Amino acid sequence: MAKEIERKFIVDKNMWQPTGKIVPIRQGYLSTDPERTIRVRIAGEDAFLTIKSKGTGISRDEYEYKIPYSDAGNLLQMVAYPPIVKIRYKTVFEGKLWDVDVFSGENEGLILAEVELNSEDEVITLPKWIKYEVTNDARFFNSYLTAHPYKQWEENL
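Sequential numbering from 1185 applies to the sequence shown in our numbering.
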């Protein structure tokens, strides 16, 4: 069993400059049950099926498996809501890999950054382009955004 320990942040659009490896992503959810999510993702030329447990703090169980690209395409046709579309920039800052996601489609205008940690109490330096933390705000979970797109929110950030 793998453990995901992750923090999530809103990116200041005026401070951030796209850098790092670029990965186009399409992902959808076969289950958005609060106790577990089941996600299918096409990331560049690769495809994955991921099962995540409900989080405790900033940690949760995560099982991720590489699957055939064609299977992922078929599974994305089975999701209840349109897939999330985003470009991921893999950026290193102060020795940590940050995933900066620039959303498009129904979530256009939203830019989120995630960083995986080695422990829940790991101290990190935040880049100047971080606006504020949203780790525990369920509105910023991709599984929430698929059913409640950012463009439909009454108040965008």
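Backbone N, C-alpha and C fix where the C-beta goes; we use that ideal spot for every residue, glycine too.
Keep in mind that this is a model prediction, so the values were computed, not measured.
- In the DSSP assignment, the residues bridged to residue 1277 are 1280.
- When the five nearest sequence neighbours on each side are left out, the beta carbons in the same chain lying within less than 8 angstroms of the beta carbon of residue 1215 are those of 1221 and 1222, in order along the chain.
- Looking at the backbone, the Cα of residue 1300 and that of residue 1272 are separated by about 15 angstroms.
- In the DSSP annotation of this structure, the continuous segment of the beta strand (DSSP E) that includes residue 1230 starts and ends at 1230-1237.
- Annotation for residue 1255: the continuous alpha helix (DSSP H) segment containing it runs 1253-1260.
- Annotation for residue 1328: the continuous alpha helix (DSSP H) segment containing it runs 1326-1331.
- Residue burial is scored here from C-beta neighbours: residue 1260 has at least 16 other C-beta atoms within 10 angstroms and is therefore classed as buried.
- For residue 1211, the enclosing beta strand (DSSP E) starts and ends at 1205-1215.
- Scanning its chain for C-beta atoms nearer than 6 angstroms, with the 5 sequence neighbours on each side dropped, one finds around residue 1277 the residues 1311, in chain order.
- Distances from the alpha-carbon of residue 1285 to those of 1213, 1263, 1196 and 1250 put 1196 closest.
- In the pairwise beta carbon analysis, the segment 1222-1242 is classified as not touching the segment 1280-1298: fewer than three pairs are separated by under 8 angstroms.
- Secondary structure at residue 1197: coil, using DSSP grouped into helix, strand and coil.
- The Cβ atoms of residue 1267 and residue 1212 lie closer than 8 angstroms to each other.
- Between residue 1188 and the set 1298, 1198 and 1337, the nearest pair of CA atoms involves 1298.
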